[in-house]
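Below is one structure, written out as structure tokens, with a few remarks after it.
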């Protein structure tokens with residue numbers, strides 16, 4: 031066997047298993063779900079082709095539209111809340127702008143080490159009628175009968191969940207940013223300081239341009255993770271009350287496994303995939319322009 035053939039065989043041994051695994055758990059299920067979304071199927075018998083019926087019914091359904099609105103709010107709190115806050119915290123700790131940086135790093139990262147179901151139950155109790163938050167408000171406002179009614183408002187019920195998501199996942203992005211900030215050569219920053227660069231100039235002219243690739247990756251994580259949000263919200267509210275805190279993933283779950291409408295559920299899942307690809311494509315274009323500018 032020649033050296034070239036040996037290299038090809040080595041590549042095949044390394045790549046083929048990964049490709050087969052990826053195809054079996056990602057590509058094939060997406061293709062199968064895409065085909066099933068054009069059919070009417072309850073899990074038994076032969077699927078009946080119905081064309082675009084499920085997609086048309088989906089975009090007319092107020093539950094889907096409200097779930098989409100909630101999902102976009104989760105995406106928004108991830109992109110404009112978790113990522114900027116995580117970056118700011120990482121930068122403060124990296125530049126040693128506070129004392130006991132290791133302690134703060136541990137405390138900020140701690141929430142992500144807790145199960146999302148445990149976090150959901152914890153905050154559900156905090157916001158309950160006898161919970162800590164409700165009791166504090168009763169003391170502050172001197173209203174012994176005060177009840178936290180935000181969950182009863184169709185448009186405000188999602189806000190406590192957004193707060194929990196922000197609190198829980200910001201530490202993940204902070205760790206990602208700290209790890210990549212440490213890869214920047216200290217000599218570059220030292221040279222900038224010697225040349226008289228201020229903290230803002232170091233941040234916007236050295237740190238951020240060198241972190242564009244990492245920022246893009248975090249945006250992809252935020253978008254894909256937010257559109258797949260399920261466990262935390264399902265454990266905290268179950269999508270209730272009256273579906274006010276429901277997101278698309280919960281809507282898909284209930285449609286598919288509660289009402290056994292696999293065709294419609296497949297259409298909803300394809301909508302999640304389309305939204306993810308669309309939003310990531312927009313972000314990719316935006317970052318592409320920044321990369322051209324700073325290159």
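Residue numbers (the working numbering): 31 to 325. Positions of the beta carbon are idealized from the N, C-alpha and C atoms, including for glycine.
Check, Outcome
"Assigned exposure category for residue 259 - 16 Cβ within 10 Å defines buried", "buried"
"DSSP bridge partner residues for residue 247 (one or two, in chain order)", "According to DSSP, which records beta bridges pairwise, residue 247 is partnered with nothing at all."
"Pairwise C-alpha distance: residue 67 and residue 300", "8 Å"
"Three-state secondary structure assigned by DSSP to residue 69", "strand"
"Contained alpha helix (DSSP H) runs [length at least 4] in the region 95-132, N- to C-terminal order", "113-124"
"Cutoff 7 Å; reference residue 134; Cβ partners in own chain excluding five residues on either side", "123 and 128"
"Beta-carbon proximity check, residue 136 vs residue 203, cutoff 8 Å", "no"
"Residues bridged to residue 79 [DSSP beta-bridge criterion]", "69"
"Per-residue DSSP class, three states only, for residue 354", "Past the edges of the chain, shown from 31 to 325, lies residue 354, and the structure says nothing about it."
"Straight-line Cα distance separating residue 43 from residue 126", "46 Å"
"Residue 165 in three-state terms, based on DSSP", "helix"
"Neighbourhood of residue 250 by C-beta, 8 Å cutoff - its chain only, sequence neighbours within 5 removed", "310 and 313"
"Reduced DSSP category for residue 158 - H, G, I as helix; E, B as strand; rest coil", "coil"
"Cα-Cα separation between residue 110 and residue 317, rounded to whole angstroms", "15 Å"
"Cβ-based burial, residue 224 [other Cβ within 10 Å; buried from 16]", "exposed"
"Supposed close pair residue 262, residue 302 - CB separation, criterion 8 Å", "Their Cβ separation, rounded to whole angstroms, is 16 Å, which puts residue 262 and residue 302 out of contact at 8 Å."
"Residues near residue 208 in its chain [Cβ-Cβ closer than 8 Å; skip 5 each side]", "120, 123, 124 and 135"
"Own chain residues within Cβ distance below 7 Å of residue 275, not counting five before or after", "100, 187, 188, 191, 263, 267 and 269"
"Sequence-distant residues of the same chain with beta carbon closer than 8 Å to residue 365, five excluded per side", "The shown model of the chain, from 31 to 325, leaves out residue 365, and the question about it has no answer."
"Per-residue burial, residue 297 [other beta carbons within 10 Å of its own, 16 or more giving buried]", "buried"
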